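**Student:** I have a structure I would like to understand better, so I am pasting it below and will then ask my questions one at a time.
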Amino acid sequence: MKLFIGLLLLFLQTATDSGSSTIQDSLKCNDDISRVEISDKNNSIVLGFDENHIYMIINEEIKNSVNSSMVEVFKHENELFYDSQGLFLPGEPPFLTSTKIDIPSDEVELKFEHGDIEFLYAKQVDIRFEDIIFPNGSSVLRNFYIEDLEQFVLKYRSACF
1 MKLFIGLLLL FLQTATDSGS STIQDSLKCN DDISRVEISD KNNSIVLGFD ENHIYMIINE
61 EIKNSVNSSM VEVFKHENEL FYDSQGLFLP GEPPFLTSTK IDIPSDEVEL KFEHGDIEFL
121 YAKQVDIRFE DIIFPNGSSV LRNFYIEDLE QFVLKYRSAC F
């Protein structure tokens, strides 16, 4: 009887230890992660991070589409906002000058909820990852597999930067 109780206690202790170590392991940072990149369904867009930045690499056609969209939004906003004297001092619309958009990783936080990736920016940025669109107007973030986006966020959170 004592042997049975001893084996039962040993089994319960082993099961508890292995379960808690799995949870603890998932909370630890992973020193092996230095750079992670995922591609969209068509392999035309790359979303990635390294020790210092979260970045997106797009093709020239998408860059031109985003720039055109930004000009249209800027023109529309110029028509709506005037000062008390009826004057509006326009600035310059934001433009993508490169096919790589990168934001320092200490200025953005990632969340993944309900199948969507969300970028929370610490500072105002001219062009956000959410602003990147295809020529047809759809968000490029919608062209990634949900599982890839979820794994991307999990790896980002577990990286030791």
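In this note's numbering, the protein residues as written are 1 to 161.
Don't be surprised by glycine CBs; every beta carbon is placed ideally from N, CA and C.
Values in this document were obtained by computation on a predicted structure and should not be read as measured data.
Enumerate in chain order the residues of its own chain whose CB-to-CB distance from residue 174 is below 7 Å, with the five nearest sequence positions on each side excluded.
**Tutor:** Within the shown structure, residues of the chain are numbered from 1 to 161, placing residue 174 beyond reach of any answer.
**Student:** Mind reading off the beta-carbon distance from residue 158 to residue 33? Whole number of angstroms is fine, and I expect it under 8 Å.
**Tutor:** Position 158 of the sequence shown, counted from the start, is the residue given in the question as residue 158. Position 33 of the sequence shown, counted from the start, is the residue given in the question as residue 33. 7 Å between Cβ atoms; contact.
**Student:** Among 122, 111, 132 and 96, whose alpha-carbon lies nearest the alpha-carbon of residue 104?
**Tutor:** Stepping through the sequence shown from its first residue, residue 104 is reached at position 104. Closest by alpha carbon: 122.
**Student:** Rounded to the nearest angstrom, what separates residue 72 and residue 78 at their Cα positions?
**Tutor:** In the sequence shown, the residue the question calls residue 72 occupies position 72. In the sequence shown, the residue the question calls residue 78 occupies position 78. The C-alpha of residue 78 is placed about 10 Å away from the C-alpha of residue 72.
**Student:** Just to check my reading of the structure: residue 57 and residue 111 have Cβ atoms closer than 8 Å, yes? What is that Cβ distance to the nearest angstrom?
**Tutor:** Within the sequence shown, numbered from 1, the residue matching residue 57 stands at position 57. Within the sequence shown, numbered from 1, the residue matching residue 111 stands at position 111. Incorrect: roughly 22 Å between the Cβ atoms, too far for contact.
**Student:** Cutting at 6 Å between CB atoms, please list the residues of its own chain near residue 148, excluding the five before and the five after it.
**Tutor:** Residue numbering aside, residue 148 sits at position 148 when the sequence shown is read from its first letter. Correct list, in chain order: 38.
**Student:** With DSSP as the reference, identify every bridge partner of residue 49, one or two as the case may be.
**Tutor:** Residue mapping note: residue 49 aligns to position 49 of the sequence shown, counting from 1. DSSP lists 36 and 54 as partners of residue 49.
**Student:** Where do the ends of the beta strand (DSSP E) carrying residue 121 lie?
**Tutor:** As a first step, residue 121 is located in the sequence shown; it is residue number 121 there, counting from the start. Under the DSSP assignment, residue 121 falls in the beta strand (DSSP E) whose first and last residues are 116-121.
**Student:** Need the endpoints of the beta strand (DSSP E) that residue 112 sits in, please.
**Tutor:** The residue labelled residue 112 in the question sits at position 112 within the sequence shown. Unbroken beta strand (DSSP E) run through residue 112: 108-113.
**Student:** Roughly how many angstroms separate the alpha carbons of residue 69 and residue 133, rounded to a whole number?
**Tutor:** Counting from one through the sequence shown, the residue named residue 69 turns up at place 69. Counting from one through the sequence shown, the residue named residue 133 turns up at place 133. Taking the straight line from one Cα to the other gives about 9 Å.
**Student:** For residue 150 and residue 117, what's the separation of their Cα atoms in angstroms?
**Tutor:** As a position in the sequence shown, residue 150 is number 150, starting the count at 1. As a position in the sequence shown, residue 117 is number 117, starting the count at 1. Looking at the two C-alpha atoms, the distance is approximately 8 Å.
**Student:** May I ask you to report which of helix, strand or coil DSSP gives residue 69?
**Tutor:** Here residue 69 corresponds to residue number 69 of the sequence shown, with the count starting at 1. Correct three-state label for residue 69: helix.
**Student:** Under a Cβ-count criterion, where at least 16 other Cβ atoms within 10 Å of its own Cβ denotes burial, should residue 54 be classed as buried or exposed?
**Tutor:** The residue you call residue 54 lines up with position 54 of the sequence shown. A residue is called buried once 16 or more other Cβ atoms fall within 10 Å of its Cβ, and residue 54 is buried on that count.
**Student:** Among 75, 127 and 92, which has the Cα closest to the Cα of residue 98?
**Tutor:** If you number the sequence shown from 1, residue 98 lands on position 98. Looking at the Cα atoms, 127 is the closest of the given residues.
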